[in-house]
Amino acid sequence: MGEKLLMKGNEVIAEAAIRAGCRHYFGYPITPQTEIAHYMAKKMPEVDGTFVQAESEIAAINMVYGAASAGARVLTSSSSPGISLKQEGISYIAGAELPAVVVNIVRCGPGLGGILPAQCDYFQAVKGGGHGDYKMVVLAPCSVQELYEMTVEAFNISDKYRILTMIMGDGILGQMMEAVEFKDKEDIISPDKNWATTGTQMKREHNVVTSIFINPEVLENHNHKLQEKYALITENEIKVETYNCENADIIVAAFGTVARIIKNVIKMAEKEGIKVGLIRPITLWPFPERAFQKYADVPKAFLTVELNAGQMLEDVKLAVNGKKPVHFYGRMGGMLPTQQEILDKIKDILK
Amino acid sequence: MATVFKRPHALIDVPLHYCPGCTHGIVHRLIAEVIDELGIEGKTVGISPVGCTYNNYDYFNCDMVQAAHGRAPAVGTGVKRVNPDNIVFTYQGDGDLAAIGTAEIVHAATRGENITTIFVNNAIYGMTSGQMAPTTLMNQVTTTSPYGRKPEIHGFPIKVCEMLSTLDGAVFVERVSTHDIKNIMSAKKAIKKAFQVQMANKGFAIVEVLSACPTNWGLNPLEALKWIQDNMVPFYPLGNFKGKDLEV
Amino acid sequence: MMAQQEIIIAGFGGQGILSAGRLLAYAGMLDNKHVSWLPSYGPEMRGGTANCHVTISDEPVGSPILNSSTALVVMNGPSLDKFESMVVSGGMIITDSSLVERDIKRADIDLFEIPATKIASDMGNLTYANIILLGKLIARTNVVSKENFEEALKKVLPEKKHYMIPEEMKALELGMNY
Ligand SMILES: Cc1ncc(C[n+]2csc(CCOP(=O)(O)OP(=O)(O)O)c2C)c(N)n1
Ligand code: SF4
Ligand SMILES: [Mg+2]
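Residue numbers (the numbering used here), protein chains in the order written: chain R, 7 to 357; chain D, 1493 to 1740; chain V, 440 to 617.
Printed below as a string of C-alpha cells:
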C-alpha cells in the first residue's frame, strides 16, 4: 500500500479509473459529480489519455460506445438527469456486448429534482432503464476507499464479461473526503479483445460491433447468450457485507451511504439491548439473495432503509420470500434519516 | 428620471439570486420592460432553461414553463402550437442552447417556429461552476479546459448568430452586449424587435446577448465588463445578421 | 481527546470555511485517526453560506453527515442561527466575534469569542482568520496535534503557497493562546 491520502470521492473515482488503465473519458458537466470531469481534464493529458467534454450525455455515451468498440477501457460519469439521457446508449452497449463503466452520482428526482443525496435511481439501474432484456452490473460502494477499489474492479468485470458496469453513489460519497490508500500496482485483467474494431490490417475477417439482429432466430439466440452471461455473473460476482446478523432481533437492509448511518444505529441500539444486524448489498445487480435467505429465520423482521420510496425493498421481499415481514423506512428529496428516526422505527417494529 | 428606475410590472419584486456583477439580471430587466411596453404580459409564456437562470420563473410575472436542459425551443414549440396567440419566448444560456440543445434550436429556427429566443452567451457554464462552453474563447481557461481552450483538443467556439442566420426559417437574428449603457440600450431595441417579429407572425427570432459571469471568469464585476468588450466583442461581432428591415 | 469529535465549520463562501475543515481532517488522518470531511455543495452556495462537517474519530466514521456536533466554529451570524442548536450539551462554540454580532443563546456549552478577522487584519492577511479560530479549537480539544496540522498545511497548500506556512502557524498560535 502506498501513502494515505485525503481525497474527494469524485476525484478518487477518476484517479482509480486512470490507475485501472482507462485512458478515455467522455462526459457532460452535472452536479454533484463534475469533479470527475475536472480531474480528468487535468490528468488525462499527463498520461496521454483523452478527455472530451461532449455536447450532451447522449453524445458522451455514444462516444463510450465507439471507444469500447475500439477496444479501450472507457469511462463516463453523470448524475440522474444525465443518466436518463444515456439510457439509449446503455441499451445499445448491452446489445452489442461492449465493456464500459458508467458512474451515476445519484441526485433526487424526478425531473430536474434537486442535487442532494438520493437512491431513487435503483430501479432504473437494476431493472433496466433502457429498452430490452438486459442487465448491467451495479456496484454500490459506501466509502471513498471502496470507490477506489470498486472502480478498478468495475473495469475488470466489464472486460471479463463484456458488460457495462455502473458505479452508483450519491452526493455524499462524491463530495466527501476520506482517507484512501492506493496500491502500488493494480490487479488488471486484460482479456484478448479480438472482437474490437481496430482495422483488419488485411489480416483477418472484418469485425462487426452491432446490436441489430433482424432475423428472429438469431436474435433469440443472442438473447439466450446474454441471459447465460447474466447467470454466470450472478454465480460469480455477488458481493455483500453482512454485519452483526447472528442472533439479530431485526436485520436492516441498506446500501451505500445509508449503510453507514445504520452502523451508527447498531451501536445506539446495542446500548438499549436491541441487537440489529445489517445486510449491505454491494452488488445491487446481481442482488445478494442468498445472504437474505441465509438469515431469513434469524430476526423477528427485516427493515429496508433507503433514500427513496421503497425500491430495493422489492428485491428484499423477493429474497425473504414471505418468511418474515419486511418493513420499510425511507426519506426523499435529499433528506436523510437520522439515527434516532431509524432507531424509533426499529423499536416500533419490535414492539 | 424617477420612471427610469421603476421596476417593470413583468418583473416580480423580489431580489434576484445572481452573483454581484452578473448581467443575467440586466437581461431579465430588458425583457420585462419590453413585455410592459408591448402590453403583452397577459399572453406571454416564457420558457426557463437549465442554467443559473433555471428559476427565472420566480422573476417573470408572465406564465412560465421550466424545461429540461437544452429543450426549451421544443417546449416553446409545443406551447405555441397549442395557443398561437400566446407570445412565447425561451431564455437560454450557451451550454443550454449551443451544446446539449443544439438540435432543438436549429430545428425550431429552420421550422420558422414563431417564437423568440433570448440567448445569453457568457462563454462558460455558470451554474455547474465554470466548465468550458461551446462559446468559450480560444485559450480561455475553464475547469474543463485547465490548460486553456486549444483548437486541436477542444475545437472552435460556435458563432450561433452566424450559424442560424443561414437558415431560411430564422427571420430575425441579432447579437448585442451588456458591457455598457449604450450597448444595453441597443440590446433592448433588439429584444423588442424580436418580440414584435413574433407578434407579426413572421417566424423565428433570436437575440444573442453577450453577458458577464464574473464568478467563473475569476474577475470582479468591472473587469468582467471590460473582458466582454476586449475579448468577446472582437470574436463575436455585434450587430444585426438578419431581418433588420423586416416590417413589424 | 474525546473518542469522536464532530465539528461543523460555517460562514460565508470565500472565508476559507471548506479549507479549514479540510486541514483539520488532513491533520486528523496524519494523527492516524479515522476522518471524514463533507462540504455543502451546489448552487445554493452562490454568494451565500458555506459549511462543512468534519468527523475525527478513533473508530471508522459512520455517517459523515452530522445531526449534532461537539464543536461549532462560526464566521457569520446566519451560520450561528442555523447551527447553534445542533451543538451537544457540554460542547463548544467558537465564534469570529468580529463578524458575529449577536449573543449565544445556549448556556450549556463552552463559548469562545475571538475577533479573528480583526486579528488577521492586524497580521495583514484576512485569510488567516479561519486558522486563528482553529487554533482555539485545537488548544481546547486536542482534536489534532499541532505538528500534524503543520504537515497538513504542507499537503493541502499548493507548493507555491508554502512560503505562507510560518505565518499560518503563527495565526494558529495566536488563536491557541487567545
Ligand atoms: C441532462 C442534464 N445535464 C446536465 C445538467 C447540469 N447542468 C445544469 S446547468 C448546466 C450548464 C449551464 O450553462 P449555461 O447554459 O451556459 O447557463 P449559465 O449558467 O452559464 O447561465 C448544466 C450542464 C442538467 N441539469 N441536466
Ligand atoms: S455563476 Fe456566473 S452566470 Fe451564474 S449567477 Fe454567478 S455570475 Fe451569473
Ligand atoms: Mg453560460
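C-beta atoms are modelled at their ideal positions from N, C-alpha and C, and glycine is treated no differently. Bear in mind the structure is a predicted one, so any value in this text is a computation, not a measurement.
Residue-level contact to chain D via CB, residue i, 9 Å cutoff
i       : result
Y34(R)  : yes
K48(R)  : yes
G117(R) : yes
H137(R) : no
E61(R)  : yes
A20(R)  : no
Contact set for residue i: own chain, Cβ-Cβ below 6 Å, skip 5 residues either direction
i        : result
E483(V)  : Bear in mind that a pLDDT of 48 at E483(V), under 50, signals an unreliable position, so the model cannot answer this.
A442(V)  : D497
V150(R)  : G15, V18, E184 and V186
L342(R)  : none
A464(V)  : V474, W476 and V493
G1568(D) : I1539, V1580, T1582 and I1607
Residue i at chain R interface by Cβ criterion, 9 Å
i        : result
M1624(D) : yes
P1576(D) : no
I1592(D) : yes
A1560(D) : yes
R461(V)  : yes
P1638(D) : yes
S424(V)  : Lying outside 440 to 617, the shown extent of chain V, residue 424(V) is not represented and no answer is given.
Y602(V)  : no
V1491(D) : Outside the displayed range of chain D (1493 to 1740) lies residue 1491(D), so it cannot be described from this structure.
A464(V)  : yes
I504(V)  : yes
M1619(D) : yes
Y1546(D) : yes
Contact test: residue i Cβ vs ligand 4 heavy atom, cutoff 8 Å
i        : result
P1706(D) : As for ligand 4, it is missing from this structure, which binds only ligand 1, ligand 2 and ligand 3.
Any chain V beta carbon closer than 9 Å to residue i
i       : result
E184(R) : yes
Q93(R)  : no
L12(R)  : yes
K269(R) : yes
R210(R) : no
Q125(R) : no
K273(R) : yes
T263(R) : yes
G177(R) : yes
M338(R) : no
As assigned by DSSP and simplified to three states, the class of residue i
i        : result
G336(R)  : strand
C1554(D) : coil
M484(V)  : Only weak support is given to the placement of M484(V): the predicted model assigns it a pLDDT of 46, under 50, and the value that follows is read from those uncertain coordinates. Three-state DSSP puts M484(V) in a helix.
I448(V)  : strand
R286(R)  : strand
M341(R)  : coil
F261(R)  : coil
G101(R)  : helix
Q1584(D) : strand
D193(R)  : coil
H228(R)  : helix
S1678(D) : helix
Beta bridge counterpart(s) of residue i as assigned by DSSP
i        : result
Q346(R)  : None, per the DSSP bridge assignment.
P478(V)  : C491(V)
M174(R)  : N110(R)
Q454(V)  : DSSP lists no partner for Q454(V).
H30(R)   : T56(R) and V80(R)
P123(R)  : R113(R)
L145(R)  : I173(R) and T289(R)
R1667(D) : E1700(D) and G1731(D)
A510(V)  : I446(V) and M531(V)
Beta-carbon proximity list for residue i, same chain, < 8 Å, skipping 5 on both sides
i        : result
L1629(D) : A1615, R1641, P1649, N1723, M1724 and F1727
K557(V)  : S537
N1547(D) : H1509, S1540 and Q1558
D1588(D) : P1541, V1542, G1543, H1561, G1562 and A1564
I543(V)  : L519, E523, I532, T534 and L550
Contacting residues, own chain, Cβ-Cβ under 7 Å from residue i (five flanking each side not counted)
i        : result
I121(R)  : T37, P38, R113 and G177
S164(R)  : P105, A106, V107, L170 and T171
E607(V)  : Y567, I570 and L592
S1678(D) : V1668
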